[in-house]
Amino acid sequence: MDIHALLSPDDGATSSTGAGAGAGAGAGARAPEASSAATPPVVQRQRRPAGGKQKTPSALSQEVRRSPERHASPRSAYRPAAPSQTPPPRDFTSNALSDAESQRVTELLNFLAEKENSYAYAYHVELVNLLHKGFLAHVDPPADNEHAAPRGDPRSFVLLAEMRQAREAMDTRFAVGEAIWLDWLSDEMLLATSSDERIAITELCQKAVADEPASVKLWQAYANWVSTNCAACHAHEGGMNPNWSIEDNEMVKELFTMDVLLSVLEQAAAATQWRVDQSHVLWNKYAHVFQEQISQHPTEAADLKSLHDLFLRRLMVPHITWDETRQLYWPILSRDFGDRWEARVAEVNHMAESAKTAMGLRNDNESKLQRAIESGDREAVHHQFVKYFKDEKFRKRRTNFDYDMRCALFERALLHEPTNTEWWLDYIDFLNTYEQSASRTLLPLMERATRHCPWSGDLWARRILRADVEQKPREEIENTKHRATNSGLLDVGGMEELVKMLQEWCSYLRRHAFAVNSTEDDVDTAEVGITMALEDVQEAGKKIYGPNFDGDPLFRLEQIQIKFYAEARRIQEARDIYQHLAARHGNSSDFWAKYYYWEIWLWGYDRIRETRRVETDGNGPNLATAVVQQALQQRNLDHPERVMELYLNHFQQHESSVRLQVALAEAREFANKIAVKRAKEAEEAAALAAQQQEQLLAAAQVEEEVTGDKRKREDEPLTNGDSHKRARTELETIAEKEGAEPSASASAQIKRDREHNTITLRNLPVDVTDFEIKKFFRDVGNPPSINIAKESDAQTASATVEFTSQEDVLAAKTRNGKELRGREVKIQSGTLSTLYVTNYPDVYDEEKIRSLFKSYGDIVSVRFPSLKYNSRRRFCYVTFLTPEMAKAAEKAMHETKLDSMHTLTALISNPDAKKQRSGPQDEGREIVVKNMDREAKESEIGEHFAQFGQIERMNLIKLVNGKPTGTVFIVYRTPQDAAKAVEESNDKPFRERVLKVEIAQPKGRTAAPSERARHEDIIIKKAGSVEPAGKGERRGSDVSMASSSRPADDEAYKTARERKIAIFNIPDTVNDARIRAAMEHYGPLTKIQLRREKEGAIVEFADLAAANRVRLGVDVSSLGPEVRTGEVGELLARQSKKKNGSKASGSAPATSSSSKPAFAPPQLGARGGRGGRRGGLGFKRAGGFASAPAAAAAAASGENADGGKKSNADFRSIFAAGK
């Protein structure tokens, strides 16, 4: 038997496109027909019964066996003429529903009974779902206690009639959707007892799959229903079911036969064959029944050919279980081809290669989409569908299956979001622009779209347009328009959707009126229809927007009416419409342009017939001239420049020289008016911007004064070369805001929810690696963090894996039970397994923290926060293997006293819990007083404010020179006293100045965090005494590493540079205390300066010998694996990562002068090199040379004694030495 002979003779083209199964033969069994050979799967429909007429079993059986491709009919053709009535309102109570639910059902019945509310989609859905819930509770009461009610008779449900009527009412108005259809079918199958009811359910199944032809679940329910009844009426001896009457047995046996079951499965397999994700569910069942049928005639050639034909066509269609289908087919090939079966296998593989390739291109998207669906996250599913659509649209590698697979993808997406208007429009646009759809009817699809989204004017417009394209009779198109308006949903959100639909309807009427075979009646019908549409818009507009509604601002229907009158040669009536619109749209430059070009078009149409064009005053475009002149006289034009350009262009192109010179003068006057108007607008905008800027500056000033952390630098004396700090701090503050939060690590700028996005893996191989774990989760995502720890048995390992989103976590949990190197991996949530630990000595490192908690369970990781932008942070996170271990550690270690100064805090980390704040500002007990007389004494201020309540403390904000700033913070004992002080003192005079008093608000520090953290000096005064720069003192790079207060002949001062060493590659989680502890092993220290931007620190030893020893290299691995010591110059020469993104030293090459633009404007304040901001190296800001020539020379060279580039601290040392 030749493999090509297994295909039907007319299937050459079909096989090349990989279309579905073709017609088979033999024993009443047949393979599914190719959907591409007739209508696309998107428009396959099942015929539904007209009205409520019951079909006979034989007629229904014949209809079931019809192929849907050859009998595709819009469902609307069989719908009742009018929508069904909603259930009548009544009050009731039901044991199956709670009192609140019963009351809600009553409210919904009353609401939907009103005519204007009968199309309220959301309320129909809510009513149907509530009644279904009550039905299930009645039939199968929840067993939540010992006295649970017995199962109820489905027919005794008190709201059964209302439930059925509510569903029918919704079905005649909207598409109910897959979920409600499944509930509907399930409920009716429980209720069915007679043959008539079984026939009605079969018809209901046909309606369901007609509404949702790509729903595997609905087709499966349909097939299961037929299969169950077939088995019930044929399984008993003698063909009689004892529970049924003789008549019912005969009718059911006539309808539910194996031939009918096979036909339903055939149609199901054909309708869902391009559902690459689930088509195998129905096809496998169909293939199984098909083989059972032909097994009755195992030697007939036609049956064998049909079987091979079935499998071959299936393998030539892409689907996710292709390998499984192939495995089912190989035994059949082996049986029928004998020793030639291997050659046939190779031939089949070759024929199916294109299908495998097409599926391979989509495997990644399919796996991601499946994970999103399994996670239950609707947003994730939506996002993945959008990505899938995009990939399909822009896929470079095309296959013959793209059309059908994209259609199926749209169908799948719309099953998840059946009311997504944009997806319906994308689907329709794809079909309208794809040449493969040109000869096929798309109206059934568009009917489904409008049933799912009856509020979309775009969809109704596309449906009307497509009906015109397919040359449907005017009566049918008019019925579509009436269905749209009768839905009552087009104007729910305003007028836009209604106008869109009416615009397409009026366009159709105009086109139809002037078609080749049109009649006078068509013209009259169009005129009446367009006029009525305008009246409908006006009536609906007044109802929605009030009596002052002024029509569509885009005058879309009026433009169609103007076109209609122009084609009917009724020019004056069309012109009258424009003149009428001018009163309403006179301020629109777009309106005047349309009006003008219409007049020019009419004038040009008359002139084009002239054999010789002669321009005179009488044959010019005078009407168009009148339009632009009228436009120029309008006030409040939205774009006057456009109108002026139109005016000038018209006179230059069409008018005489006499009129042109007048027009130029008028245009110039008009332009001057525009210039004055624009200048005034610019002035007002500038004034508004200045006002807003003042408000912002005032707000910033208030924030600085309230927090007390940032001094107003304009009031500070310019000392020690500090004046350059102002501009630098402002710039760096902006950079910090744009870059990252101060509390964020530089390696993790994105906020990470570790506690919720972490899972724990157990039973891993003891030597498992990060790479193996990432490979294990390759289909889930790329974990940003993996921590591996050996378990106490030393035979296995555990790990915590952090993901970037909850979607990835849910997907990762689906891997639970999968094997990694022969071990079954156990996955559990990492939530509540992390301790937040704080208030421990500052010298504690990871090893010390682990020693505190190791006795309570396996510790997976200890994580310290970044100190790059806040050096005062002292806490860590300890992650245990299980939540039970973390709970035990919390119970044992929380509030444990470590020493006389530290009581440990160890609590389960909960990112959702807000930290309870306390303190005067948080309690509302602190006030801020501004505009205080700077000469007022502290005692006077205290005496004045003591009259409002007991003062706990008072703080006068002062500059470094000791002068007050005029801002005072006062803390009262109670919030009531503070409030009274504000009420009695705000805007009241004190010492001839009006005070501004308000409650101080708790805010973060506003000084540039990077400036504070990057150059922080820790001054070590005596052994055991550490003093960081304080709140009121100068901090960061304002403190020089040189001890400028010492005399020049001091030996310690002379050796200060040699006593400094540098530490490199310090992690941003290491604090100064740990650096000090590591360095004090080699000698006493004087000062530590943290240089976070260079990932290092400068340490000054008290003893020169200790510094020299450390400089040569010592073991500082306790600070980090890559930490080392070296020269200060080498550290200072490093480029900041923030600026250059690398640690490479050396300056950038000088810019060639030739690369500058020829006429580049001078840059004010431009500075060259590092010292430009001071006005040049060797100069003080206030003028004059530095007094030390050597220092000036060194500064000019830009290098320090170690050969590296000079830092700010080096330059300040030079200046200090020259004083």
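In full-length UniProt numbering, the protein residues as written are 1 to 1219. No residue lacks a Cβ here, since even glycine has one placed at the ideal position from N, Cα and C.
So if DSSP puts Phe880 in a beta bridge, which residue, or which two residues, is it bridged to? Here residue 880 is taken as the residue at index 880 of the sequence shown, counted from 1. DSSP output for Phe880 lists Ile859 as bridge partner(s).
Beta-carbon separation of His654 and Gly620 under 8 Å? Translated into positions along the sequence shown, residue 654 becomes position 654. Translated into positions along the sequence shown, residue 620 becomes position 620. Taking 8 Å as the Cβ cut-off, His654 and Gly620 qualify as a contacting pair.
Would you kindly work out how many angstroms separate the C-alpha atoms of Met501 and Met446, rounded to a whole number? Residue mapping note: residue 501 aligns to position 501 of the sequence shown, counting from 1. Residue mapping note: residue 446 aligns to position 446 of the sequence shown, counting from 1. Their Cα atoms are separated by approximately 14 Å.
Pick helix, strand or coil for Tyr844, following the three-state DSSP scheme. Position 844 of the sequence shown, counted from the start, is the residue given in the question as residue 844. The answer is coil: DSSP assigns Tyr844 none of H, G, I, E or B.
Do Leu261 and Ser227 come within 8 Å of each other at the CB atom, strictly closer than that value? The residue given as residue 227 occupies position 227 in the sequence shown. The residue given as residue 261 occupies position 261 in the sequence shown. Against a cut-off of 8 Å, the Cβ pair of Leu261 and Ser227 comes out as a contact.
Using three-state DSSP, classify Leu581 as helix, strand or coil. Taking the first residue of the sequence shown as position 1, residue 581 is located at position 581. Correct three-state label for Leu581: helix.
Please classify Ala221 as buried or exposed, where buried requires at least 16 neighbouring CB atoms within 10 angstroms. For this step, residue 221 is matched to residue 221 along the sequence shown. Taking all protein chains in view, the Cβ of Ala221 is crowded by 16 or more other Cβ atoms within 10 Å, so the residue is classified as buried.
Comparing C-alpha positions only, which one of Pro841, Ser871, Ile927, Val837 sits nearest to Phe880? For the purposes of this step, residue 880 is taken as the residue at position 880 of the sequence shown. Comparing Cα positions, the closest option is Val837.
With a Cβ-Cβ cutoff of 8 Å, do Glu476 and Ala467 count as a contact? Stepping through the sequence shown from its first residue, residue 476 is reached at position 476. Stepping through the sequence shown from its first residue, residue 467 is reached at position 467. A contact, by the Cβ cut-off of 8 Å.
Measuring straight from C-alpha to C-alpha, what distance separates Phe948 and Pro920? Within the sequence shown, residue 948 is the residue found at index 948, counting from 1. Within the sequence shown, residue 920 is the residue found at index 920, counting from 1. Spanning the two alpha carbons is a distance of roughly 16 Å.
Just to confirm my understanding: we take Phe990, look at its own chain, exclude 5 residues before and 5 after, and list those with CB closer than 8 Å. What are they? If you number the sequence shown from 1, residue 990 lands on position 990. Closer than 8 Å at Cβ, skipping near neighbours: Met932, Asp933, Ala936, His944.
Can Arg815 and Phe776 be called in contact, C-beta distance under 8 Å? Counting from 1 along the sequence shown, the entry for residue 815 is found at position 815. Counting from 1 along the sequence shown, the entry for residue 776 is found at position 776. Contact: yes.
If I measure Cβ to Cβ from Lys958 and keep anything under 7 Å in the same chain, skipping five residues before and after, which residues do I get? Translated into positions along the sequence shown, residue 958 becomes position 958. The answer, listed in chain order, is Pro964, Thr965.
By the three-class DSSP mapping on this structure, what secondary structure does Tyr972 have? Taking the first residue of the sequence shown as position 1, residue 972 is located at position 972. The answer is strand: DSSP assigns Tyr972 an E or B state.
Whole angstroms is fine: what's the gap from Asp277's alpha carbon to Met495's? Walking along the sequence shown from the start, residue 277 turns up at place 277. Walking along the sequence shown from the start, residue 495 turns up at place 495. Computed Cα separation, rounded: 41 Å.
Cβ shell of Asp404 (< 6 Å), same chain only, five flanking positions each side left out: Mapped onto the sequence shown, residue 404 falls at position 404. Within the same chain, and ignoring the five residues on either side of Asp404 in sequence, the residues whose Cβ sits closer than 6 Å to its Cβ are Trp274.
Between which two residues does the alpha helix (DSSP H) containing Val1099 stretch? As a position in the sequence shown, residue 1099 is number 1099, starting the count at 1. Note, Val1099: premise wrong, no alpha helix (DSSP H); beta strand (DSSP E) at 1096-1101.
Would Cys453 pass as a contact of Thr421 if the rule is Cβ separation under 8 Å? Translated into the one-based positions of the sequence shown, residue 453 becomes position 453. Translated into the one-based positions of the sequence shown, residue 421 becomes position 421. Contact: yes.
Given this structure, state the Cα-to-Cα distance separating Gly52 from Ile199, to the nearest angstrom. Locating residue 52 in the sequence shown gives position 52, counting from the first residue. Locating residue 199 in the sequence shown gives position 199, counting from the first residue. Any reading at Gly52 must be qualified, since the residue scores a pLDDT of 44, below 50, and its modelled position is unreliable; the value itself is stated next. Cα to Cα, Gly52 sits roughly 12 Å from Ile199.
DSSP state of Gln1089, grouped into three classes? Indexing the sequence shown from 1 puts residue 1089 at position 1089. Annotated three-state conformation of Gln1089 is strand, per DSSP.
In the structure shown, what three-state DSSP assignment does Gly457 receive? As a first step, residue 457 is located in the sequence shown; it is residue number 457 there, counting from the start. Gly457: helix per DSSP, three-state reduction.
Hey, how far is the Cα of Ser656 from the Cα of Thr450? Indexing the sequence shown from 1 puts residue 656 at position 656. Indexing the sequence shown from 1 puts residue 450 at position 450. One alpha carbon belongs to Ser656, the other to Thr450, and they sit about 56 Å apart.
Alpha carbon to alpha carbon, how far is Ala687 from Lys673? For the purposes of this step, residue 687 is taken as the residue at position 687 of the sequence shown. For the purposes of this step, residue 673 is taken as the residue at position 673 of the sequence shown. One alpha carbon belongs to Ala687, the other to Lys673, and they sit about 21 Å apart.
Out of Leu459, Ala269, Pro883, which one is the CA nearest neighbour of Trp505? Against the sequence shown, residue 505 aligns to sequence position 505. Just measuring C-alpha positions, the residue of Leu459, Ala269, Pro883 sitting nearest Trp505 is Leu459.
Under 8 Å between C-beta atoms of Gly1083 and Ala1102: Residue mapping note: residue 1083 aligns to position 1083 of the sequence shown, counting from 1. Residue mapping note: residue 1102 aligns to position 1102 of the sequence shown, counting from 1. For Gly1083 and Ala1102, yes; Cβs fall inside 8 Å.
Less than 6 Å between C-beta atoms, sequence neighbours within five positions excluded: which residues of the same chain meet that for Pro154? Along the sequence shown, one-based indexing puts residue 154 at 154. Within the same chain, Cβ atoms closer than 6 Å to the Cβ of Pro154 are found at Val139, Leu190, Leu191, the five residues on either side in sequence being excluded.
Quick check on the DSSP output: the beta strand (DSSP E) that includes Asn763 runs from which residue to which? Counting from one through the sequence shown, the residue named residue 763 turns up at place 763. Counting along the chain, the beta strand (DSSP E) containing Asn763 begins and ends at 758-765.
Closest to Leu554 by CA distance: which of Phe135, Ser589, Asp183 is it? By one-based count along the sequence shown, residue 554 stands at place 554. It is Ser589.
Determine the direct distance from the alpha carbon of Ala906 to that of Ser861, and round the result to whole angstroms. If you number the sequence shown from 1, residue 861 lands on position 861. If you number the sequence shown from 1, residue 906 lands on position 906. Distance between the alpha carbons of Ser861 and Ala906 is about 15 Å.
Quick one: measure Cβ to Cβ for Val780 and Asp808, integer angstroms, because I've assumed they're closer than 8 Å. The residue labelled residue 780 in the question sits at position 780 within the sequence shown. The residue labelled residue 808 in the question sits at position 808 within the sequence shown. Contact annotation, Val780 with Asp808: C-beta distance approximately 5 Å; criterion of less than 8 Å satisfied.
For Glu168, which option in Val158, Glu188, Gly152 has the closest C-alpha, if you only look at C-alpha atoms? Looking up residue 168 in the sequence shown gives position 168. Taking Glu168 as reference, the option from Val158, Glu188, Gly152 with the minimal CA-CA separation is Glu188.
Check this for me: beta carbons of Val662 and Tyr647, under 8 Å apart or not? The count along the sequence shown starts at 1 and reaches residue 662 at position 662. The count along the sequence shown starts at 1 and reaches residue 647 at position 647. At least 8 Å separates the beta-carbon of Val662 from that of Tyr647.
Alpha helix (DSSP H) containing Tyr434: first to last residue? Taking the first residue of the sequence shown as position 1, residue 434 is located at position 434. No alpha helix (DSSP H) holds Tyr434; DSSP gives it neither H nor E.
Could you tell me which of Glu819, Pro883, Asn787, Ser798 sits nearest to Leu832, measuring between CA atoms? The residue labelled residue 832 in the question sits at position 832 within the sequence shown. From the listed residues Glu819, Pro883, Asn787, Ser798, the smallest Cα separation to Leu832 is found for Pro883.
With the cut-off set at 8 Å, would you say Leu409 and Glu392 are in Cβ contact? Along the sequence shown, one-based indexing puts residue 409 at 409. Along the sequence shown, one-based indexing puts residue 392 at 392. Contact flag set, yes.
Could you tell me the alpha carbon to alpha carbon distance between Gly1109 and Gly1129, rounded to whole angstroms? Start at 1 with the first residue of the sequence shown, and residue 1109 comes out as number 1109. Start at 1 with the first residue of the sequence shown, and residue 1129 comes out as number 1129. Note that residue 1109 is Arg in the sequence shown here, rather than Gly. Rounded to whole angstroms, the separation of the alpha carbons of Gly1129 and Arg1109 is 17 Å.
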